[in-house]
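Accompanying notes for the structure given below.
Protein chains: 4
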Amino acid sequence: MAIKLTANSYGKSDVRLTKVVREGKTHHLAEYSVNVQLTGDFSLAYLGGDNRKVIATDSIKNTVYVLAKENHFTTPEQFAVLMAEHFPSEYKQVETAKVEIVEARWKRIRVNGDPHEHAFVNGGTELHSCTVYTARGGKTIVHGGVRELQVVKTTNSAWKDFWTDRYRTLKDTNDRIFGTSITANWEYDRSDADFERCTAAIRTAMLEAFASHVSLGVQHTMYEMGRAALAAAPEIKNIEFRLPNKHRIPFNLDPFGLKFENDIYVWTDEPYGDISAFIERE
Amino acid sequence: MAIKLTANSYGKSDVRLTKVVREGKTHHLAEYSVNVQLTGDFSLAYLGGDNRKVIATDSIKNTVYVLAKENHFTTPEQFAVLMAEHFPSEYKQVETAKVEIVEARWKRIRVNGDPHEHAFVNGGTELHSCTVYTARGGKTIVHGGVRELQVVKTTNSAWKDFWTDRYRTLKDTNDRIFGTSITANWEYDRSDADFERCTAAIRTAMLEAFASHVSLGVQHTMYEMGRAALAAAPEIKNIEFRLPNKHRIPFNLDPFGLKFENDIYVWTDEPYGDISAFIERE
Amino acid sequence: MAIKLTANSYGKSDVRLTKVVREGKTHHLAEYSVNVQLTGDFSLAYLGGDNRKVIATDSIKNTVYVLAKENHFTTPEQFAVLMAEHFPSEYKQVETAKVEIVEARWKRIRVNGDPHEHAFVNGGTELHSCTVYTARGGKTIVHGGVRELQVVKTTNSAWKDFWTDRYRTLKDTNDRIFGTSITANWEYDRSDADFERCTAAIRTAMLEAFASHVSLGVQHTMYEMGRAALAAAPEIKNIEFRLPNKHRIPFNLDPFGLKFENDIYVWTDEPYGDISAFIERE
Amino acid sequence: MAIKLTANSYGKSDVRLTKVVREGKTHHLAEYSVNVQLTGDFSLAYLGGDNRKVIATDSIKNTVYVLAKENHFTTPEQFAVLMAEHFPSEYKQVETAKVEIVEARWKRIRVNGDPHEHAFVNGGTELHSCTVYTARGGKTIVHGGVRELQVVKTTNSAWKDFWTDRYRTLKDTNDRIFGTSITANWEYDRSDADFERCTAAIRTAMLEAFASHVSLGVQHTMYEMGRAALAAAPEIKNIEFRLPNKHRIPFNLDPFGLKFENDIYVWTDEPYGDISAFIERE
């Protein structure tokens, strides 16, 4: 039986970095979970246990901390770019590197109304993410993103006129609750964009579009959120969404002699509508 | 072999309620997970499968939605009080009722700077919780609380002069990161307190104390947070904390010829210091 | 405002221990998560940041590994007993110690039908747990237990003749699916029982009772499982259960011209019936 | 600003199906979580809220239960094949369908040594998975798989002779613990293979290879596991692995005057080596 190793990659995942930068009395806090994946000339490790070209995943982990120490950066995208470019530059056996970072959202605690110099409180369930790809001799490609940005609107959301057949039991509705947990990823047109400004602008655009749109469906609003994001951040080429429909089911009050008036619902995690799109500039 | 059923209780857990209240164009959104536990004259169900006195947990679930429909409330505490008092009042076989509610924190999306009428974004990892106990013929006891309120401070936290023996390897430090995920529960002195004001006041007091305290240890700061909470809310009798110490471990930069300057850490979930206290008015 | 510190405790949680014991070529593998909680003369740490009597939680963590190295044990209960007794014996400021251990269930991989000497595969979602309490000058109390032992039976389970009122919508059923995730804790009558034999006997007794019982309700079967466990292990004094009712909801096939024949269900995690009992020898 | 919708898909995820098949007194239990994703002529829903061609995700959910009722199947692969083929066949607007199923592993409870007719206990953390793709006018492609199959071996695992540079701190070792949680996916060469036999054969082959291999690294053993799987199941064309390296870190006993003898470790979840390969027949 002849077999072959068609593809392989390896790296270290969930490397947990805290970096504190002190600017006078003001401290800046960044907490990242970092994943690094490499491809290259590593097949001998699989085929015969010859590890001589393999950079140990422990060494990859060390690299995260050393590069965090030696470099200045203010966004996860900047750090991911320098991490990703490090590997093919440092190791001739590395062909491509992919670095993913997920950042927890900390905001300053307010004391007597003022933001505190060195104390922080979690700023939401949402996570800021980015993914950077490099290939030897190629361009560095930067994606920004957000995960678990939970939103809900209690009206201005319809779902009607969809396909009717044997499998349909849901009735048309002009007024339902629309809740989702936004996962979005967008591609920057260069690797030194103003990531902080863009991320904030895209976040605001998505939230405002979600709130203001008169929705005829998750798909409909998703497209509008994409349009708004592309308008808000000229530096991005495209945006990809995955919006699970976190259903709120009307509770059947009939057996109790009561009337449902868009007021009493069961919130659910599953099953969920699972809707995706990729939207780009023409 | 003679055996006896010494204690028993039952109920329904994780009943997921969404309630929307429309005040003109302004919508108010509450999303709760509700647990109900009952004790009373239910032993025959265990001993012989005689269920005649048992209120089905499905009926308990229905009760959550029906009472949510029929009653006005603006806080989970108010809803938990009326839920808890319902059961011994409605069923002679019920002796005690305990109702726990965990509320997700939604805040209004801002559109052009203004809070939106009906669109919301998740307001943090933290959850607002409450527990209400009633016993037939007794007083209703209300606890408020908060869970998973994640905070971190990057200085003004020491840990030193602790017990030294064979098992100690940790060195004294005058400057470490102090991170925790606050779980706190407090007892109200009556069942109709201004829960919303109290919860906000206690939250602010805890956060400000955490930020401002020059900490000699988790225990030390916990006591100060308790003092601040009791001062901020005269309506509470006591407060109980559980503060896991979410350690940030200095990364050893020595092998790389670099110096740790309170800047590069590994954030960890486990193992964690696990520290509790119960603080009350004298 | 006068306040007091009424109670306090502290320790280290989720200390993750792997111990390998080599008996010739045969390796024995134990993987535990260990929690230690201490009470005693520690109030000065809270009241004024005086840590001189405090054994650092880092030292507690070290103690877990050092005692694991220095002692022979074959069950988590044995290790928890020696851990718990260590603290008041070693430190005059410790009054009580509580040690909880959760053990993952590994079983040997079979190679050509034979159990392998040193390779293991996870033996189920279930976890073996124990909790040991000691107080200075008192007896050591040992609880064994199991968590997340998931079971389901597809017939011989009824739910009927329960309380009928306005809040009831569920119909009587003579044949439903009964699924649960068993959490059970039992108390040994001494601290040097044959824990391994007892745990196995109780597990078998619970599973056989669950399978064989003609159930009139979760409560009914729970009591039978308790009876069987107490009969199987004379060394235990009592047993406490928490059995969430992991409902399988009949799927409504009527709209599709099909008939439900106890065959097509929706499995759910929430809401769940939540049923507990404490059963002891008379 | 001109934008375009380059790609889109939608469906329903985590549809939770329980099916009981009664063969005389013997019951067969299947519990699946089903995801369905469709592509096709759905862009108008995004671009303008025109939902007329959209099969509601609620209808997709209904389809899962109706097809489960109307069809006989004994493996998730068979059910996924008929589900996937249903959509393009039933709806002219559907171009492709992807159906993923994850199956919990139930095994019969033994009573007095015999497998019980209708009572089951969870058979491990591992999940059996499959993914089926269809495209209008194309072949149906079936992948089988396993997730979270946790294994550990306590010896016959080395890690040495890897790349040495500034970022390396890990020493060579001839004897370490090797633990992982196997995720594997394999592609069948036809859509009516004997999935049950193949899955069992691949599972056994992977476990035996893991146990018996004298490992020079995760990569090395992964390739051997792939070779064994391909040898055991002629019906599969290729196999893809992702093996996180669930590190067990030697605990440093030096400060306590004790010696590490491959006996006392810290088990960890993160960071983890994250190693993948795609292996196929030549």
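One line per chain: the protein sequences are R, P, F and S, in this order.
Mapping of the first sequence onto our numbering: position 114 corresponds to residue 114, and the numbering continues sequentially without gaps.
With positions in the second sequence counted from 1, the corresponding number in our numbering is that position plus 282.
With positions in the third sequence counted from 1, the corresponding number in our numbering is that position plus 564.
With positions in the fourth sequence counted from 1, the corresponding number in our numbering is that position plus 846.
Heads up, the beta-carbon is just placed ideally off N, CA and C, and yes, glycines get one too.
Under 8 Å, Cβ to Cβ, is there at least one residue of chain F near residue 1067/S?
No, because no Cβ of chain F sits closer than 8 Å to the Cβ of residue 1067/S.
Pull the bridge partners of residue 1003/S from the DSSP assignment, please.
According to DSSP, which records beta bridges pairwise, residue 1003/S is partnered with 1061/S.
Please report whether the beta-carbon of residue 537/P lies at a distance below 8 Å from any beta-carbon of chain S.
Taking Cβ atoms only, chain S reaches closer than 8 Å to residue 537/P, which makes this a yes.
With a 10 Å radius around its C-beta and 16 neighbouring C-beta atoms as the bar for buried, classify residue 1106/S as buried or exposed.
It is exposed - the Cβ of residue 1106/S has fewer than 16 other Cβ atoms within 10 Å.
Using only CA atoms, which one of 473/P, 451/P, 385/P and 492/P lies nearest to residue 428/P?
When each option's Cα is compared against that of residue 428/P, the closest is 385/P.
Indicate the three-state DSSP secondary structure (helix, strand or coil) for residue 657/F in the structure shown.
Residue state, collapsed to three classes: coil.
Which residue's Cα is closest to the Cα of residue 753/F: 774/F, 785/F, 797/F and 772/F?
Minimum Cα distance to residue 753/F is reached at 797/F.
Measure the alpha-carbon distance for residue 693/F versus residue 705/F and round it to whole angstroms.
Going from the Cα of residue 693/F to the Cα of residue 705/F covers about 14 Å.
For residue 254/R, count neighbouring Cβ atoms within 10 angstroms of its own Cβ and tell me buried if that reaches 16, exposed if not.
It counts as exposed.
Compute the beta-carbon to beta-carbon distance between residue 80/R and residue 87/R, rounded to the nearest angstrom, for a pair I have assumed lies under 8 Å.
With a Cβ gap of about 12 Å, residue 80/R and residue 87/R do not count as contacting.
Check each residue of the segment 574–590 of chain F: if its Cβ is closer than 8 Å to any Cβ of chain C, include it; give the result in chain order.
In the displayed structure, chain C is absent; the protein chains listed are R, P, F and S.
Taking the C-alpha atoms as reference points, what is the distance between residue 1114/S and residue 333/P?
Their backbone Cα atoms lie some 47 Å apart in a straight line.
Please state if the CB of residue 680/F and the CB of residue 1057/S are separated by a distance shorter than 8 Å.
Yes; because the gap between Cβ atoms is below 8 Å, this pair is in contact.
Examine the Cβ distances between the segment 294–306 of chain P and the segment 858–877 of chain S and report whether three or more of them are shorter than 8 Å.
They do not touch, by the three-pair rule.
Against chain P, with Cβ distances strictly below 8 Å, would residue 776/F count as a contact?
No - not a single Cβ of chain P is within 8 Å of the one on residue 776/F.
Restricting to runs no shorter than 3 residues, where is the beta strand (DSSP E) found entirely within the segment 905–978 of chain S?
As far as the segment 905–978 of chain S is concerned, its whole beta strand (DSSP E) runs of at least 3 residues are 940–957.
CB residue 841/F to CB residue 329/P, shorter than 8 Å?
Result no, Cβ atoms of residue 841/F and residue 329/P do not sit closer than 8 Å.
For the segment 482–496 of chain P against the segment 506–521 of chain P, are there 3 or more C-beta pairs whose distance is under 8 Å?
As far as the Cβ criterion goes, the segment 482–496 of chain P touches the segment 506–521 of chain P, which means the pair count is three or higher.
Quick check: is the beta carbon of residue 82/R nearer than 8 Å to any beta carbon in chain S?
No, its Cβ sits nowhere closer than 8 Å to a Cβ of chain S.
Residues of its chain near residue 36/R, where Cβ-Cβ distance is below 6 Å and the 5 sequence neighbours each way are ignored:
Excluding residues within five positions, the ones whose Cβ falls inside 6 Å are 11, 12, 60 and 99.
Near residue 778/F, what residues of its chain come up, given a Cβ to Cβ distance below 6 Å and the 5 sequence neighbours on each side ignored?
Setting aside the 5 residues that flank it on each side, residue 778/F is surrounded in the same chain by 720, each with a C-beta closer than 6 Å to its C-beta; the list follows chain order.
Amino acids of chain F, ordered along the chain, whose beta-carbon sits closer than 7 Å to that of residue 957/S:
Neighbours of residue 957/S in chain F, taken as residues at a C-beta separation under 7 Å, are given in chain order as 772, 775 and 776.
Would you give the residue range spanned by the alpha helix (DSSP H) that residue 45/R belongs to?
43–48 is the span of the alpha helix (DSSP H), which, as asked, contains residue 45/R.
Look at residue 808/F and residue 829/F and say whether their C-beta atoms are less than 8 Å apart.
Contact flag unset, no.
Taking residue 789/F as the reference, give the member of 801/F, 772/F and 799/F with the closest Cα.
If we check each option's Cα against that of residue 789/F, 772/F comes out closest.
Spatial neighbours of residue 206/R within its chain, please: C-beta separation below 7 Å, excluding the five flanking residues on both sides.
If we look at residue 206/R and ignore the five residues flanking it on each side, its Cβ neighbours are 182, 184, 225, 228 and 229.
Let me know the secondary structure DSSP gives residue 175/R once reduced to three states.
In the three-state DSSP reduction, residue 175/R falls in the coil class, being neither helix nor strand.
Does the beta carbon of residue 915/S come closer than 8 Å to any beta carbon on chain F?
Chain F places a beta carbon closer than 8 Å to that of residue 915/S, counting this residue as a contact.
Quick check: is the beta carbon of residue 248/R nearer than 8 Å to any beta carbon in chain F?
It does not: the Cβ of residue 248/R has no partner Cβ on chain F nearer than 8 Å.
When you compare only the Cα positions, how much space is there between residue 901/S and residue 673/F?
So the alpha carbons of these two residues sit roughly 46 Å apart.
For residue 571/F, count neighbouring C-beta atoms within 10 Å of its own C-beta (all shown protein chains included) and say buried if the count is 16 or more, exposed if not.
That one is exposed.
Closest to residue 1088/S by CA distance: which of 1026/S, 1096/S and 890/S is it?
For residue 1088/S, the closest of 1026/S, 1096/S and 890/S by C-alpha to C-alpha distance is 1026/S.
May I ask which residues mark the beginning and end of the beta strand (DSSP E) holding residue 452/P?
First-last for residue 452/P: undefined, no H or E at that position.
Within chain P, the residues that residue 1010/S reaches when beta carbons sit closer than 7 Å:
Per Cβ cutoff of 7 Å: no residues; residue 1010/S is ~13 Å from chain P at best.
Can you tell me where the beta strand (DSSP E) with residue 584/F in it begins and where it stops?
Per DSSP, residue 584/F belongs to the beta strand (DSSP E) from 567–587.
Provide the residue span of the beta strand (DSSP E) that contains residue 244/R, from first to last.
Residue 244/R: member of the beta strand (DSSP E) spanning 236–245, first to last residue.
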